[in-house]
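Trainee: Have a look at this one.
Residue numbers (full-length UniProt numbering): 1 to 716.
Quick look at the structure:
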């Protein structure tokens, strides 16, 4: 019955969470949420879809000498319209020529033409260098006819969607569409672009080099159908592209500027190839792919032979939109003493950008980027370098983390736990769960994991509190029952002695029981076993309502807790559920149980035949007062619960009097029901209750006066 009461209290907390208007749609899946939410020290979060919405917005295009933002995209669109209209005019004029001129002619000034040409090349490169496929919904109603219903497909802009493994690439292609150059079709061997004038440009895909975590870049070789030009386009992270592009004096600086704005950067470059150059590359490339030994290394070496002195076209900046109120939320969690770790599968640069833009890492905070390590010696050197830094955030890759945990697990976890924030990038789902278990093992603190994808499931399951993107019941509840147990324990000693003639135990309590020894023998056997009826009702009826009403108790108002998140630090210390607190309540329960039983023995010497009514009445009153002692903020339902429980007990005395040994003849002794209404009964029971409760009320008053809790000044 006690377990049921506890679970009902937890269910009430869960119901309150689900009905909270500030977090609509929340579903509580486990009843342990109230305890765990009050003791969290580490919050481990995924990035994409958790801190961010996984919805990218194109923010910046930088050409080296000029930069375009969201408010100047119309200028790019104007340049694209003009450049392609001039190309089309020139092609029309040279329609009889087999090789039309490659460069558009313009009467505009040279500077203007240079800017237009650079924008033209940059936008075209972005529109071609990707793995995006446009998809159209078929007008055919029968799904089985879709592959033959191409003529029935609607190729309008409204009916087109883009599919790709990376939302970044989709955003870039959508942006080229917004400025006038649209990807309208793609298959394994070609892709088609539509110009602002509605003309279709076809490019044949000769080779494609997918993005990998090692290379941090992707490339494609295409042939222009109209001109026959072969071009190698490449885009990637600045750390990978900086050594590939031709010398420049602006790329590193602008990448840093965009990163400080929280933008994800991509460097775009190109290289024109002659037919002979491409044929030579294709031959070597195919030969490398046929190699039996070190195939990947040989293929990479052939590709790298092209990645030299490439022409830098532009630098793009894309923003991954943060979830609503992420920045103030993370700030509040930090003020509450919760340490936040971001575990993501994204690359280091992206993770660092999001950590900065979300203020997971404050702008004034130093960041230590853990260099890639593969050996024990390298890990040792890097740990020593990290140890010399203080109060800095840590950014580390999954591979380096694996090496550190293999050789220096304790040292690494100890150093990482001192950091105000930790970012782990390129983490596998297994690594995420492993990090959670490490924190639990080495710190003994409560962890919370939050994520939105299937790769976060293992991390969520490993944490003490898992949150997927789809209070504490008072300690007095279980411990006040110890008071009842102590009373029954002492009660049982006397009557077991009498019934079973256990002389040794009887001698031990004979001094206390001498004056009522004869009365022991007239207690009927049924009265001795009344606890089997009263004990469960004690927890489920007589004290259930006040204990359950404790879910309405508040030490501070919710608004005050949000205004002063530092108050949460007291909860993380675990004092409310510590062994010391438990021991104190055990001692209190033993004290009260002893007072109730021995008080009944001393004050009701001649009426000890009513021992059940006497002791149980004092017990109920004591427990109701102890619940009242625990309450910090009264709610009207708490008052109702107190009087309702008392009313239930009084009704039990009246209607279930035989269970209390009242109003019947037993072994010649008549137990008068009027006894419980006498002044003697009332004052003696009241005296026992006062002795069991008054010292505790005095101690509570003194503690609040000389050692008030941290929230007392705010509530006052």
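Idealized CB from N, CA, C, for every residue including glycine. Here the structure is a predicted model, which means the values were calculated and not measured.
I'd like the ranges of any beta strand (DSSP E) spanning at least 3 consecutive residues and lying wholly in the stretch 246 to 317.
Mentor: If we require 3 residues or more, the beta strand (DSSP E) runs fully inside the stretch 246 to 317 come out as 264 to 273.
Trainee: Measure how close the beta-carbons of residue 41 and residue 680 come, nearest whole angstrom, since I'm counting them as under 8 Å.
Mentor: Actually they are not in contact, since the Cβ atoms of residue 41 and residue 680 sit about 56 Å apart, beyond 8 Å.
Trainee: Touching or not, the stretch 130 to 137 and the stretch 67 to 75, by the rule of three or more beta carbon pairs under 8 Å?
Mentor: Flag = no, the stretch 130 to 137 and the stretch 67 to 75 do not touch.
Trainee: Go ahead and pull the three-state DSSP assignment for residue 580.
Mentor: Of the three classes helix, strand and coil, the one that applies to residue 580 here is helix, per DSSP.
Trainee: In the DSSP output, what is residue 190 paired with across the bridge?
Mentor: According to DSSP, which records beta bridges pairwise, residue 190 is partnered with 204.
Trainee: Taking the C-alpha atoms as reference points, what is the distance between residue 719 and residue 402?
Mentor: As shown, the chain starts at 1 and ends at 716. That puts residue 719 outside it, with no answer to give.
Trainee: Quick one: any contact between the stretch 268 to 277 and the stretch 235 to 250, if contact means 3 or more CB pairs under 8 Å?
Mentor: Touching, yes.
Trainee: Residues in its own chain within less than 8 Å of residue 335 by CB, not counting five upstream and five downstream?
Mentor: Contacts found: 565, 566.
Trainee: With a threshold of 6 Å on Cβ separation, who are the neighbours of residue 413 within its own chain once the five nearest residues in sequence on each side are excluded?
Mentor: Once the five neighbours on either side are set aside, the close Cβ partners of residue 413 are 438, 442.
Trainee: Taking contact to mean at least 3 C-beta pairs separated by less than 8 Å, is the stretch 419 to 435 in contact with the stretch 347 to 360?
Mentor: Contact holds: three or more Cβ-Cβ distances are below 8 Å.
Trainee: Apply the 10 Å Cβ neighbour rule to residue 466 and answer buried if 16 or more other Cβ atoms are within range, or exposed otherwise.
Mentor: Buried is the call here.
Trainee: Under the assumption that residue 222 contacts residue 231 (Cβ atoms under 8 Å), give the Cβ distance between them as a whole number of angstroms.
Mentor: Their Cβ separation, rounded to whole angstroms, is 6 Å, which keeps residue 222 and residue 231 in contact under 8 Å.
Trainee: Give me the Cβ distance between residue 317 and residue 265, rounded to the nearest whole Å; I'm assuming they're in contact under 8 Å.
Mentor: Residue 317 to residue 265, Cβ: 6 Å. Contact.
Trainee: Only counting the same chain, and skipping five residues up and downstream in sequence, which positions put a Cβ closer than 6 Å to that of residue 48?
Mentor: Hits under 6 Å: 54.
Trainee: Run through the DSSP bridge pairs and tell me what residue 224 is partnered with.
Mentor: Per DSSP, 203.
Trainee: Just to confirm, is the Cβ distance from residue 638 to residue 707 under 8 Å?
Mentor: No.
Trainee: Suppose you measure from the CA of residue 59 to the CA of residue 129; what does that come to, to the nearest Å?
Mentor: Their Cα atoms are separated by approximately 19 Å.
Trainee: Assign residue 189 to one of two classes, buried (16 or more other C-beta atoms within 10 Å of its C-beta) or exposed (fewer than that).
Mentor: Under this definition residue 189 is an exposed residue.
Trainee: Out of 299, 591, 13, which has the shortest C-alpha to C-alpha gap to residue 692?
Mentor: For residue 692, the nearest C-alpha among the options comes from 591.
Trainee: Skipping 5 residues on each side, what residues in its chain have a beta carbon closer than 6 Å to that of residue 599?
Mentor: Closer than 6 Å at the Cβ level, and outside the excluded window around residue 599, lie 688.
Trainee: State whether the stretch 322 to 338 contacts the stretch 269 to 288, with contact taken as three or more CB pairs (one from each stretch) at a distance under 8 Å.
Mentor: These segments do not touch.
Trainee: If contact is defined by three or more beta carbon pairs under 8 Å, each pair taking one atom from either stretch, is the stretch 116 to 125 in contact with the stretch 163 to 181?
Mentor: Taking 8 Å as the limit for Cβ pairs, the verdict is that the stretch 116 to 125 does touch the stretch 163 to 181.
Trainee: Per DSSP, what kind of secondary structure is residue 244 in: helix, strand or coil?
Mentor: Residue state, collapsed to three classes: coil.
Trainee: Compare the Cα-Cα distances from residue 384 to each of 411, 552, 215, 685 and report the closest residue.
Mentor: Considering only alpha carbons, the answer is 411.
Trainee: Output needed for residue 545: all residues of its chain with C-beta closer than 6 Å, excluding positions within five of it in sequence on either side, in chain order.
Mentor: So the qualifying residues of the chain are 641, 644, 645.
Trainee: Please report the residue range of the alpha helix (DSSP H) in which residue 541 lies.
Mentor: Looking at the DSSP string, residue 541 is not in any alpha helix (DSSP H), and its letter there is neither H nor E.
Trainee: In angstroms, rounded to a whole number, what distance separates the CA positions of residue 50 and residue 57?
Mentor: Distance between the alpha carbons of residue 50 and residue 57 is about 17 Å.
Trainee: Just the Cα atoms here: how many angstroms apart are residue 386 and residue 435?
Mentor: When rounded, the distance between both Cα atoms is 19 Å.
Trainee: With the cut-off set at 8 Å, would you say residue 46 and residue 453 are in Cβ contact?
Mentor: Yes; because the gap between Cβ atoms is below 8 Å, this pair is in contact.
Trainee: Residue 58 lies in the beta strand (DSSP E); which residues open and close that run?
Mentor: Note, residue 58: beta strand (DSSP E), 52 to 62.
Trainee: Which residue or residues does DSSP assign as beta-bridge partners of residue 319?
Mentor: Bridge partners of residue 319: 57.
Trainee: Start and end of the alpha helix (DSSP H) containing residue 554?
Mentor: Here residue 554 belongs to no alpha helix (DSSP H), and DSSP marks it neither H nor E.
Trainee: Between the C-alpha atoms of residue 653 and residue 695, what's the straight-line distance to the nearest angstrom?
Mentor: When rounded, the distance between both Cα atoms is 29 Å.
Trainee: Considering only residues of the same chain and omitting the five flanking positions on each side of residue 322, which have a CB-CB separation below 6 Å?
Mentor: Counting only Cβ-Cβ distances below 6 Å, and skipping sequence neighbours, we find 52, 358.
Trainee: Going by the beta-carbon positions, is the gap between residue 62 and residue 315 smaller than 8 Å?
Mentor: Yes, these two residues count as a Cβ contact at 8 Å.
Trainee: Here's a check: name, in chain order, each residue in its chain whose Cβ is nearer than 6 Å to the Cβ of residue 237, leaving out the five neighbours to either side.
Mentor: These residues qualify, in order along the chain: 216, 349.
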